[in-house]
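Going by full-length UniProt numbering, the residue at position 379 of the sequence shown is 379; the numbering climbs one at a time, nothing skipped.
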Amino acid sequence: MYLTFLLLPCLGAMSAGFFGRKIGVTGAHIITTTCLAISAILSIVAFYEVVLCHSPVTIHLGNWLHSEVLTVSWTFTFDTLSMSIITTVLVISSLVHLYSIDYMSADPHNQRFFSYLSLFTFFMVVLVSGDNYFVLFVGWEFIAVCSYLLINFWFTIIEANKSAMQSFIVNRVGDMSLSISFLAIVFLFGNVDFSTVFSLAPLMNESALTIIGLLLLFGSMGKSAQIGLNTWLPTAMAGPTPVSSLIHSATLVSAGVYVLLRSSPLLEYSSTALIAITWIGSITAFFAASTGLFQNDLKRVIAFSTCSQMGYLFLACGLSQYNTALFHLVNHAFFKALLFLSAGAVLHATFDQQDQRRLGGFLPLLPFTYTAILIGSLSLMAVPFMTGFYSKDLILELAFSQYVFHGSIAYWFGSISAGLTAFYSFRLISMTFLSYPNSPKKVYESAHDAAIFAMIPMTVLSILAIFFGYIGRDLFVGMGTDFAANSLFIHPSHISLIEAEVMPTLFKLLPSIITCSSAFLAFYLYHYGAGFLNAAIQSTLGYNMYKFFNGKYYIEVLYNTYLIPASLGLGYVVSKQLDRGLIEQLFGYGLSTNLRNTSSTMSKLDDGFIPSYAIYFALSTIVLTIVLVSPFFLV
Numbered sequence: 001m002y003l004t005f006l007l008l009p010c011l012g013a014m015s016a017g018f019f020g021r022k023i024g025v026t027g028a029h030i031i032t033t034t035c036l037a038i039s040a041i042l043s044i045v046a047f048y049e050v051v052l053c054h055s056p057v058t059i060h061l062g063n064w065l066h067s068e069v070l071t072v073s074w075t076f077t078f079d080t081l082s083m084s085i086i087t088t089v090l091v092i093s094s095l096v097h098l099y100s101i102d103y104m105s106a107d108p109h110n111q112r113f114f115s116y117l118s119l120f121t122f123f124m125v126v127l128v129s130g131d132n133y134f135v136l137f138v139g140w141e142f143i144a145v146c147s148y149l150l151i152n153f154w155f156t157i158i159e160a161n162k163s164a165m166q167s168f169i170v171n172r173v174g175d176m177s178l179s180i181s182f183l184a185i186v187f188l189f190g191n192v193d194f195s196t197v198f199s200l201a202p203l204m205n206e207s208a209l210t211i212i213g214l215l216l217l218f219g220s221m222g223k224s225a226q227i228g229l230n231t232w233l234p235t236a237m238a239g240p241t242p243v244s245s246l247i248h249s250a251t252l253v254s255a256g257v258y259v260l261l262r263s264s265p266l267l268e269y270s271s272t273a274l275i276a277i278t279w280i281g282s283i284t285a286f287f288a289a290s291t292g293l294f295q296n297d298l299k300r301v302i303a304f305s306t307c308s309q310m311g312y313l314f315l316a317c318g319l320s321q322y323n324t325a326l327f328h329l330v331n332h333a334f335f336k337a338l339l340f341l342s343a344g345a346v347l348h349a350t351f352d353q354q355d356q357r358r359l360g361g362f363l364p365l366l367p368f369t370y371t372a373i374l375i376g377s378l379s380l381m382a383v384p385f386m387t388g389f390y391s392k393d394l395i396l397e398l399a400f401s402q403y404v405f406h407g408s409i410a411y412w413f414g415s416i417s418a419g420l421t422a423f424y425s426f427r428l429i430s431m432t433f434l435s436y437p438n439s440p441k442k443v444y445e446s447a448h449d450a451a452i453f454a455m456i457p458m459t460v461l462s463i464l465a466i467f468f469g470y471i472g473r474d475l476f477v478g479m480g481t482d483f484a485a486n487s488l489f490i491h492p493s494h495i496s497l498i499e500a501e502v503m504p505t506l507f508k509l510l511p512s513i514i515t516c517s518s519a520f521l522a523f524y525l526y527h528y529g530a531g532f533l534n535a536a537i538q539s540t541l542g543y544n545m546y547k548f549f550n551g552k553y554y555i556e557v558l559y560n561t562y563l564i565p566a567s568l569g570l571g572y573v574v575s576k577q578l579d580r581g582l583i584e585q586l587f588g589y590g591l592s593t594n595l596r597n598t599s600s601t602m603s604k605l606d607d608g609f610i611p612s613y614a615i616y617f618a619l620s621t622i623v624l625t626i627v628l629v630s631p632f633f634l635v
């Protein structure tokens with residue numbers, strides 16, 4: 001069963017990719033979607049067996065590398081952590097496949113799209129289920145390749161080419177750090193198997209573990225779009241909306257968080273690495289939330305909310321609350337997939353108009369889509385009793401209950417970010433559905449809700465976005481739950497769930513108060529405060545603030561102005577003066593020239609005259625005699 005749901009997405013991808021012309025568009029739809037649906041059902045059964053019945057499974061397929069000091073095997077482990085993420089990935093991917101049948105119906109390359117989508121899912125499952133860091137790295141690299149292919153699916157569009165390249169290159173920066181961390185793990189532990197590495201971690205030097213933890217952090221920052229390496233995430237919107245839904249919910253951005261969750265036995269013995277993770281997550285949550293505040297692109301606003309939520313997940317990992325991070329990862333996947341699929345329904349109804357300023361007044365025409373995007377936004381905002389509330393507010397409570405400086409910083413950054421999230425979520429709803437109509441008349445005449453193939457996934461995700469948090473809370477983060485078993489490790493001195501339960505009521509309710517106040521403020525300003533907004537934007541301070549946040553803190557400007565030219569200049573100097581200059585003169589051109597000249601000189605000694613050969617023999621005899629006899633005179 002386990003290998004079946006692991007390999008079925010690959011089978012579907014191969015069928016649609018290699019035999020797409022034979023099976024046709026409908027055949028590709030049926031085969032890939034059926035394979036994913038069967039995998040999702042089997043994963044739910046496996047979730048019951050592994051998680052609820054506490055029966056983890058390990059499957060060994062064979063050795064990959066076998067040397068004297070290192071053995072790497074093709075082994076897959078299905079424990080609580082991996083099955084929680086695998087089930088989420090397969091359920092969402094099967095729903096996205098179903099949604100894509102309608103969304104991509106007019107595209108002439110359906111077989112290629114569904115092949116890439118299934119392959120993407122397959123390698124994400126490989127990444128999560130691998131039993132050692134090298135198998136994890138195989139999945140890690142191939143999901144980057146699949147994301148490149150999917151973002152660049154419409155490869156005749158220049159913007160899609162540039163977005164895919166940016167995504168690939170920025171991820172390479174993090175991958176370099178991750179590769180070095182794996183080499184450091186081999187050097188320190190002599191192995192890459194999770195069981196071996198984690199059992200030896202308590203005995204190792206803390207400085208070495210800190211270096212490994214920081215390298216893992218930097219590698220995870222690339223995939224999960226943390227501040228500094230976040231530039232690829234908003235531009236990844238160039239791909240089809242189902243791609244954005246899958247990337248932002250359960251696959252690519254979740255991979256970085258998964259590495260931190262899986263490496264918890266390493267991170268727990270390095271307080272420096274944990275503090276760094278907390279700071280990075282806190283700053284990213286605030287940075288992304290404030291940046292999304294004044295974005296006008298519908299999908300880009302949701303993309304920055306993904307970046308902000310990844311900051312919350314890093315924040316939770318830095319506070320050693322791995323089970324809460326896992327809970328929020330699963331919750332976030334459901335409501336973020338819902339938000340992107342709903343945004344895709346809006347785009348289809350409005351001839352792919354993504355600028356919120358050119359939308360408005362679609363509530364009577366798109367009531368189902370409005371309901372879905374409202375549910376997703378409320379869950380994203382962590383409105384009480386929605387799915388996001390049960391994990392996001394718990395993260396903030398656990399941050400406050402640490403009673404250390406970085407915990408307090410995380411609480412306040414997280415609380416302010418929650419308010420900003422509520423503001424831009426209601427801004428999106430108001431500008432798209434509730435405000436004055438700003439689209440051409442033709443758009444309103446043809447606007448309609450999505451077809452049944454799109455409504456079914458949105459309905460399922462809406463139900464999960466409302467009820468899953470309540471249903472899964474006691475299982476994932478309940479008091480005394482043994483849900484995580486051995487897949488996650490929290491040092492006993494880092495457990496603070498009791499303190500979070502008895503913290504002051506005001507600080508417990510403050511995030512919800514800020515969220516509701518910000519949502520009301522956004523609703524009021526974008527319905528009754530147009531004059532105030534115009535006056536604020538036209539003022540010097542308001543204009544500069546709008547330009548700063550809309551420009552994403554000018555991080556890309558700094559990169560393009562200073563970092564990239566300096567890097568290219570350094571690369572040119574290294575290539576021309578060091579590599580093709582000094583090294584080539586000494587070892588390439590110089591060595592070959594000297595050998596050629598020496599051999600040419602030696603060849604002249606062979607002149608074909610017998611007297612010359614006699615001289616050579618006599619000289620050789622004298623030299624050999626001296627060498628053999630000299631030890632007797634030296635004694």
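Note that CB positions come from ideal geometry on N, CA and C, so glycine has one too.
Residue environment for Asp449: buried (at least 16 other C-beta atoms within 10 angstroms of its C-beta). At least 9 Å separates the beta-carbon of Ile277 from that of Leu266.
Just so you know, the alpha carbons of Val50 and His66 end up roughly 30 Å apart. DSSP, reduced to helix, strand and coil, places Ser220 within a helical segment of the structure shown. Rounded to whole angstroms, the gap between the alpha carbons of Ser417 and Leu338 is 21 Å.
By the Cβ criterion, the segment 423 to 443 is in contact with the segment 348 to 365, since at least three pairs of Cβ atoms, one from each stretch, lie closer than 8 Å.
Taking C-beta atoms as the reference points, Ile41 and Gly12 fail to come closer than 9 Å. In its chain, beyond the 5 residues on either side, Tyr312, Leu313, Ala316, Ser391, Lys392, Ile395 have a beta carbon closer than 7 Å to the beta carbon of His328.
Shown here, Asp297 sits in a strand according to DSSP, grouped into three states.
The bridge partners DSSP lists for Asn63 are Ser73. Here DSSP, grouped into helix, strand and coil, assigns Val197 to helix. Closest by C-alpha distance to Glu268, out of Trp412, Ser320, Phe155, Thr26, is Ser320.
Ala447 sits close to Leu366, with the two beta carbons spaced by under 9 Å.
Per DSSP, reduced to three states, the secondary structure at Phe122 is helical.
Take Ser305, set aside five residues on each side of it, and the residues of its chain with a beta-carbon closer than 7 Å to its own are Gly292, Leu380, Thr421, in chain order. Sorting Gly388, Glu556, Gln402, Phe433 by C-alpha distance to the C-alpha of Leu464 places Gly388 at the top. Residue pairing by DSSP places Asp355 opposite Asp297 in a beta bridge. Apart from the 5 residues on each side of it in sequence, Ala184 sits with its Cβ closer than 6 Å to the Cβ of Ile212 in its chain, given in chain order.
With respect to the C-alpha of Thr235, the residue from Leu298, Tyr258, Ser163 having the closest C-alpha is Ser163. Closest by C-alpha distance to Leu178, out of Phe198, Ala160, Phe155, Leu216, is Leu216. By DSSP's assignment, Gly130 forms a beta bridge with Phe76.
Distance from the CA atom of Gln295 to the CA atom of Gln356, rounded to whole angstroms, is 9 Å. According to the DSSP assignment, Cys516 belongs to the alpha helix (DSSP H) that extends over 505 to 528. Rounded to whole angstroms, the gap between the alpha carbons of Asn323 and Gly24 is 44 Å. Counting of Cβ neighbours within 10 angstroms places Arg427 among the buried residues, the total reaching 16 or more. In the three-state scheme derived from DSSP, where H, G and I count as helix and E and B as strand, Thr251 is classed as coil. By the criterion of a C-beta distance shorter than 6 Å, Gln309 is surrounded in its chain by His332, once the five residues flanking it on both sides are discounted. Per DSSP, Asn230 lies in no alpha helix (DSSP H) segment and is marked neither H nor E. In terms of Cβ geometry, Ile85 and Ala250 form a close pair [threshold 9 Å]. The criterion of a C-beta distance shorter than 9 Å is satisfied by Ala28 and Ser15. The DSSP-derived three-state label of Val502 is coil. The C-beta of Phe609 has fewer than 16 other C-beta atoms within 10 Å across all chains shown, which makes the residue exposed. With fewer than 16 other CB atoms across the displayed protein chains lying within 10 angstroms of its CB, Glu445 is exposed. Ala447: not part of any alpha helix (DSSP H); DSSP gives it neither H nor E. Approximately 7 Å separates the beta-carbon atoms of Gly360 and Thr432; this is inside 8 Å, confirming the contact. Bounds of the alpha helix (DSSP H) holding Pro265 are 264 to 267.
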